[in-house]
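Below is one structure, written out as structure tokens; the observations come after it.
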Ligand code: AMP
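In our numbering, the protein residues as written are 16 to 497.
As structure tokens, this is what we get:
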């Protein structure tokens with residue numbers, strides 16, 4: 016199946032070709048023809064399935080065919096739960112619509128409203144917005160919905176989790192009743208079904224992965240330990256398994272900052288995104304992570320929502336989430352667009368109820384591992400159904416560890432781990448400490464030149480061949496936030 020066969024116009028086909036999209040993803044195959052035909056859509060699709068293009072391409076095409084907007088008016092509205100997702104979806108519209116004469120903008124809270132009002136005044140074809148700011152804009156008379164023909168609710172489940180139900184009611188009241196509506200959600204609870212019932216008409220139902228099923232391409236496992244040992248275990252696994260870049264989830268803003276500090280004390284470049292950071296600071300942290308200037312991006316659930324980081328190999332749950340659905344969103348950050356990924360959770364005894372909920376929701380038992388020296392004093396109770404409990408495994412270091420120069424901990428016996436042996440997530444040969452690409456040259460120079468043994472123990476051969484000592488140079492996060 017090609018994009019052409021879906022009925023897309025040439026300017027969009029050219030853009031997709033330039034982006035290197037060879038064929039539509041399953042959600043795109045179903046959503047694009049339905050949306051082009053003007054049908055309502057209800058799609059159970061997780062982030063990473065290509066759902067954004069699934070609604071953006073047909074919207075752009077229809078807007079192009081239907082003519083121009085008017086001052087103050089918005090013709091297509093995409094509502095999203097967070098600022099990060101708003102930026103990401105807006106960027107997708109700009110990318111996909113690069114060859115089209117359409118105007119789009121993004122509006123969310125926490126930043127100056129005046130530039131948003133100025134853009135709206137000229138009229139927009141597409142507006143991507145968070146509900147709260149859109150209500151403000153509407154209250155100020157800055158936006159007119161008379162020409163609105165299409166509404167998308169993206170990550171609808173998250174909107175309800177974040178308490179946007181009332182805001183949605185207010186907005187739906189203000190929108191024309193005659194419109195096309197598309198609702199995308201990773202999970203489908205009774206509340207979402209109720210919401211869908213009230214806003215969709217004769218919708219085409221799309222399901223690309225069973226709802227509430229974690230992305231299949233993501234390999235998931237967990238390690239049990241005590242709460243207080245988690246940071247230490249994290250550092251230990253990072254070295255032992257040669258982790259490269261990872262997105263690390265924690266429960267609280269304070270926890271995120273504390274973990275950044277701990278990592279930095281160990282010479283590991285880390286940055287955080289959480290609700291206490293300003294929007295520019297969050298975007299900056301994300302950009303630095305994308306540019307591989309930092310190895311770890313430490314995030315809370317709300318802040319990480321909607322992040323699109325290409326080919327992220329590893330997600331680590333330092334804390335289990337507060338809501339089971341968030342586990343699915345978290346691990347959806349890896350294994351995107353069909354790529355392999357790995358999601359590892361460090362689980363302590365008081366998280367067992369959440370673990371149980373997650374396993375019920377995802378209809379699976381996450382394979383357990385234990386690391387010698389880090390066994391939990393407070394045992395994490397079994398969560399598998401009676402009689403089905405799989406034995407807890409020991410973590411086997413990647414084979415390459417034996418060749419590495421680093422003082423990697425002795426590989427424990429991989430008891431019956433043939434199938435479940437965790438593979439290194441940071442690249443096949445990665446063993447020691449990850450090196451930001453721009454530092455590799457410098458690090459190699461210092462190694463071949465003044466290699467005075469300052470390289471700390473634990474510095475090893477990184478995925479990209481560079482060396483970096485764990486106790487060496489302070490990392491790239493030393494600069495001020497701004
Ligand atoms: P989304 O689920 O919309 O967040 O998309 C996930 C990622 O898949 C984004 O980085 C997109 O650029 C990428 N993507 C979307 N559609 C395709 C496609 N048909 N082929 C290749 N990559 C795609």
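Where a beta carbon is used, it is the ideal one built from N, C-alpha and C, also for glycine.
Worksheet item: Alpha carbon to alpha carbon, what distance is there between residue 300 and residue 395?
Response: Approximately 34 Å between the Cα atoms of the pair.
Worksheet item: Looking at the unbroken beta strand (DSSP E) that takes in residue 222, where does it start and where does it end?
Response: First-last of the beta strand (DSSP E) with residue 222: 219-222.
Discussion item. Can you give me the C-alpha to C-alpha distance between residue 480 and residue 283, rounded to a whole angstrom?
Written reply: Low confidence applies to residue 480: its pLDDT is 25, below 50, so where it sits in the model is not reliable enough to give any reading.
Worksheet item: If we call anything under 8 Å between Cβ atoms a contact, is residue 389 one with residue 251?
Response: Here residue 389 is near residue 251, since their CB atoms are less than 8 Å apart.
Worksheet item: Skipping 5 residues on each side, what residues in its chain have a beta carbon closer than 6 Å to that of residue 159?
Response: Counting only Cβ-Cβ distances below 6 Å, and skipping sequence neighbours, we find 87 and 88.
Discussion item. Shorter than 7 Å, the distance from the beta carbon of residue 26 to the closest heavy atom of the ligand GDP, or not?
Written reply: The ligand GDP is not part of the structure shown, which contains the ligand AMP as its ligands.
Worksheet item: Where does residue 296 sit, in a helix, a strand or coil, going by DSSP?
Response: Under the three-state reduction of DSSP, residue 296 is assigned to helix.
Discussion item. Tell me the DSSP secondary structure of residue 471 in three-state form.
Written reply: Low local confidence applies: a pLDDT of 31 at residue 471 is under 50, so the model's placement there is unreliable, and no value is given.
Worksheet item: Does DSSP put residue 28 in a helix, a strand or coil?
Response: Here residue 28 carries a helix assignment [DSSP, helix/strand/coil].
Worksheet entry | Contacts around residue 329, its chain only, beta-carbon distance under 8 Å, and the 5 residues preceding and following it disregarded | Cβ neighbours of residue 329 within its own chain (closer than 8 Å, five residues either side excluded): 258, 259, 260, 261, 262, 349, 356, 357, 358, 359, 440 and 441.
Discussion item. For the beta strand (DSSP E) containing residue 197, name the first residue and the last one.
Written reply: It spans 195-200 - the beta strand (DSSP E) in which residue 197 sits, taken as one unbroken run.
Worksheet item: Candidates 344, 235, 338 and 157: which alpha carbon is nearest residue 380's?
Response: 235 is the residue among 344, 235, 338 and 157 whose C-alpha sits nearest the C-alpha of residue 380.
Worksheet item: Could you give the distance in angstroms between the alpha-carbon of residue 22 and the alpha-carbon of residue 100?
Response: Going from the Cα of residue 22 to the Cα of residue 100 covers about 28 Å.
Practice prompt. Return the CA-CA distance between residue 428 and residue 241, expressed in angstroms with no decimal places.
Written response: Confidence at residue 428 is low in this model, with a pLDDT of 32, below 50, so its placement is unreliable and no value can be given for it.
Worksheet entry | DSSP beta-bridge partners of residue 309 | Note: residue 309 sits in no beta bridge, so no partner.
Item to complete: Ignore the nearest five residues each way along the sequence and tell me which others in residue 107's own chain have a CB closer than 8 Å to its CB.
Response: These residues qualify, in order along the chain: 67, 68 and 71.
Fill in: Reference residue 151, options 176, 382, 185 and 170, closest by Cα
Minimum Cα distance to residue 151 is reached at 185.
Fill in: CB contact flag (residue 366, residue 176, <8 Å)
No; because the gap between Cβ atoms is not below 8 Å, this pair is not in contact.
Discussion item. In this structure, how does DSSP classify residue 132 when only helix, strand and coil are distinguished?
Written reply: In the three-state reduction of the DSSP assignment, residue 132 falls in the helix class.
Discussion item. Residue 157 and residue 142 - do their beta-carbons sit closer together than 8 Å?
Written reply: The answer is no: Cβ separation not under 8 Å.
Item to complete: State whether the stretch 123-137 contacts the stretch 190-208, with contact taken as three or more CB pairs (one from each stretch) at a distance under 8 Å.
Response: With contact defined as three or more Cβ pairs closer than 8 Å, the stretch 123-137 and the stretch 190-208 are not in contact.
Practice prompt. On the DSSP bridge assignment, give the partners of residue 264 in chain order.
Written response: Residue 264 pairs with 314 and 332.
Item to complete: With DSSP as the reference, please indicate the residues paired to residue 159 in a beta bridge.
Response: Under the DSSP definition of a beta bridge, residue 159 partners with 88.
Discussion item. Looking at the secondary structure, which residues open and close the alpha helix (DSSP H) in which residue 367 lies?
Written reply: Note, residue 367: alpha helix (DSSP H), 367-376.
Worksheet item: Given a threshold of 16 other Cβ atoms within 10 Å of its Cβ, counted over all protein chains shown, does residue 276 qualify as buried or as exposed?
Response: Classification of residue 276: exposed, given that the 10 Å Cβ count is below 16.
Worksheet item: Ends of the beta strand (DSSP E) at residue 384?
Response: It spans 382-385 - the beta strand (DSSP E) in which residue 384 sits, taken as one unbroken run.
Discussion item. Which residue wins for smallest C-alpha separation from residue 215, given the options 53, 146, 139 and 382?
Written reply: Checked all of 53, 146, 139 and 382; the closest Cα to residue 215 is 53.
Worksheet item: Do you know offhand how far residue 191's Cα is from residue 222's?
Response: Looking at the two C-alpha atoms, the distance is approximately 27 Å.
Worksheet item: Does the Cβ of residue 66 lie closer than 7 Å to at least one heavy atom of the ligand AMP?
Response: Yes, the Cβ of residue 66 comes within 7 Å of a heavy atom of the ligand AMP.
Worksheet item: With distances taken between CB atoms, is the gap from residue 111 to residue 30 smaller than 8 Å?
Response: With respect to the 8 Å criterion, residue 111 and residue 30 are classified as neighbours on the basis of their beta carbons.
Discussion item. Which same chain residues end up closer than 7 Å to residue 220 when comparing Cβ atoms and leaving out the 5 residues on each side of it in sequence?
Written reply: Cβ within range, chain order: 57.
Item to complete: With hydrogens ignored, establish whether the beta-carbon of residue 22 is closer than 7 Å to any heavy atom of the ligand AMP.
Response: No - the ligand AMP has no heavy atom lying nearer than 7 Å to the Cβ of residue 22.
Worksheet item: If you draw a straight line from the C-alpha of residue 47 to the C-alpha of residue 297, how long is it?
Response: Taken atom to atom, the span from the alpha-carbon of residue 47 to that of residue 297 is near 32 Å.
Fill in: Secondary structure, alpha helix (DSSP H): runs of 4+ residues fully inside the stretch 22-82
As far as the stretch 22-82 is concerned, its whole alpha helix (DSSP H) runs of at least 4 residues are 25-34, 41-51 and 66-81.
Worksheet item: Whose CA, out of 368, 164 and 64, lies closest to the CA of residue 93?
Response: Closest in C-alpha terms to residue 93, from the list 368, 164 and 64, comes 164.
Worksheet item: Any heavy atom of the ligand AMP closer than 7 Å to the Cβ of residue 63?
Response: If you check the C-beta of residue 63 against the ligand AMP, you find a heavy atom less than 7 Å away.
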